[in-house]
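Notes to accompany the following structure.
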Amino acid sequence: MPPSLRKACHACTAAKRRCIPRLPNCPRCAEKGLLCQYDLEPVNSDPSHRENLAVPRIFDSIEAAHLHAISTYKASGEFVNGIPLMGNEETFAIAIGHLAQIPALTFQSRSSLFVHKNIFSLAVLPALESSTATSLSTKQLLIEQDRLLSLDVHELSFVEFLGNLHRLIAIILAYALKPNLEIDRRPLSPDFQSVLDLLHQWSAHFQTTLPEDLGSDLSAWNAWATAETTRRTMIAVVVVSGIVQVLQTGVCSYQPFVEALCFDSRTGVWEAEREEAWQRAVDHHGTGVGEASLVSWSEFIECGGAAPRQQHDGMLQRFLLACYFGKETQLPSEMQTSVPFNTHWLPNPG
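Per this note's numbering, residue 36 is the first one in the sequence shown, and the count goes up by one each step.
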């Protein structure tokens, strides 16, 4: 008979699963390798059993990892129980379904989760040597990769750099995601490693070259698109690095600071194809042209459940819901919108 406990463990509570309280771990946590913690320990608990738990901790949801991070985070910026990891393949598969659209959209110079279409026009990027972007061959993809590897980013304007950075992110995702979107573990090819090294270098450059202002020569729409793409790029770099880590190891490190990064959450503003539609969306929300309705990932998650929000819905918003709530966020097929996914341009890195 299990010892008398006053409530379910954190992991079962976060996953909304039935908990059978036992020490040192409940059956569900023992099976999944999760950290099993209770707000109130059982009367006959032995505090020393916590000290022998192996690290790193593996969690099956962002919520469980977040709760653990809060409870174990020191003022010095260290985790007292090691680095939390995420290991829910079902949730990752749903999130990857959203990310898999990014290469095709980027190669077509269209808006994706993290970059607005206006950036590609402002950056005046070279056209890809293909009649249709969705039929881009592996050879053509490598040509674009070589161009990016040869760039001196210090000679680029911020907007030019931003556009090229998202071309690089698209190439990494094209390498990383197989057409069948299965999560597996495989060694990196030299080509894949070279673009990952470049992403690391460009991420550091991005963080050190953020402009204090965008100047006065941009229209309100272009200025907003540049500022919003910049905000979303901060999220993109961490997300893409996490996806690569999943493909290599099967899990990824949970980074709590990502949930503090902000974005414009107004429905229809990011997805507007023309300036007139963008202006109508801005007017609909009752905000000024030069204003934004910024919200952090954490604030967005906390303002509702798994379902999309009427006033705060969009590409990025649905991706974040998928990352946090998994299959609970999925709408019926007739209500989903997506870009036709052509796999001809996806190279096999292994």
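Ideal Cβ placement from N, Cα and C applies to all residues, glycine included. Please read these numbers as outputs of a predicted model, since none were measured by experiment.
DSSP places F298 inside the beta strand (DSSP E), whose first and last residues are 297 to 299.
Between L245 and T265, the C-beta gap is smaller than 8 Å, which places the two residues in contact. Residue pairing by DSSP places I93 opposite L120 in a beta bridge.
Closest option to V279, judged by alpha-carbon separation, among Y210, R344, F155: Y210.
For the stretch 316 to 351, the full-length beta strand (DSSP E) segments reaching 3 residues or more read 329 to 331 along the chain. Considered as a whole, the stretch 236 to 269 harbours no complete run of any alpha helix (DSSP H) with no fewer than 4 residues.
Residue burial is scored here from C-beta neighbours: R63 has at least 16 other C-beta atoms within 10 angstroms and is therefore classed as buried. Annotated three-state conformation of S144 is coil, per DSSP. Around L160, the same chain offers G198 as residues with beta carbons nearer than 6 Å, after the five sequence neighbours per side are excluded.
Cβ atoms of L329 and D348 stay farther apart than 8 Å, at about 16 Å. Judged by beta-carbon spacing, A99 lies beyond the 8 Å limit of H133, meaning their Cβ atoms are not closer than that value.
For T243, the closest alpha carbon among the candidates H320, Q345, H189, R53 is that of H189. When only Cα atoms are considered, T302 and F193 end up about 27 Å apart. In the three-state reduction of the DSSP assignment, S192 falls in the coil class, being assigned neither a helical nor a strand state.
For C47, the enclosing alpha helix (DSSP H) covers residues 45 to 50.
A check of alpha carbon separations from F155 across Q136, E195, I336 identifies E195 as the nearest.
If the five residues before and after F354 are omitted, its C-beta is found closer than 8 Å to the C-beta atoms of A130, H133, L134, L148, all from its own chain and listed in chain order. The three-state secondary structure of C54, taken from DSSP, is coil.
In the pairwise beta carbon analysis, the stretch 198 to 207 is classified as touching the stretch 136 to 152: at least three pairs are separated by under 8 Å. For T126, the CB contacts under 6 Å within the same chain, skipping 5 residues up- and downstream, are G361 in chain order. Rounded to the nearest angstrom, the gap between the Cα atoms of I105 and F292 is 11 Å. Of the other Cβ atoms in all chains shown, 16 or more fall within 10 Å of the Cβ of G277; this residue is therefore buried.
One alpha carbon belongs to L70, the other to Y359, and they sit about 18 Å apart. Residue environment: R182 is assigned as exposed (fewer than 16 neighbouring CB atoms within 10 Å of its CB, all protein chains considered). Counting the other CB atoms within 10 Å of its CB gives C338 a total below 16, which places it among the exposed residues. Here the alpha carbons of Q352 and E308 stand approximately 18 Å from one another. Under DSSP, S288 forms a beta bridge with L120.
The residue among E66, N153, L157, T141 with its C-alpha nearest the C-alpha of L163 is T141. Bounds of the alpha helix (DSSP H) holding D181 are 173 to 185.
For L157, the enclosing alpha helix (DSSP H) has its first and last residue at 152 to 158.
Taken through DSSP and simplified to helix, strand or coil, F149 comes out as coil. Counting C-beta atoms within 10 angstroms of its own C-beta, I55 has fewer than 16 neighbours from the protein chains shown and is therefore classed as exposed. Contact check for E294 and S331: beta-carbon distance about 6 Å, within the 8 Å limit, so the pair qualifies. From the listed residues L157, L356, G285, A205, the smallest Cα separation to W259 is found for L157. The residues D299, in chain order, have a CB closer than 6 Å to that of E263 in the same chain once the five nearest residues on each side in sequence are set aside.
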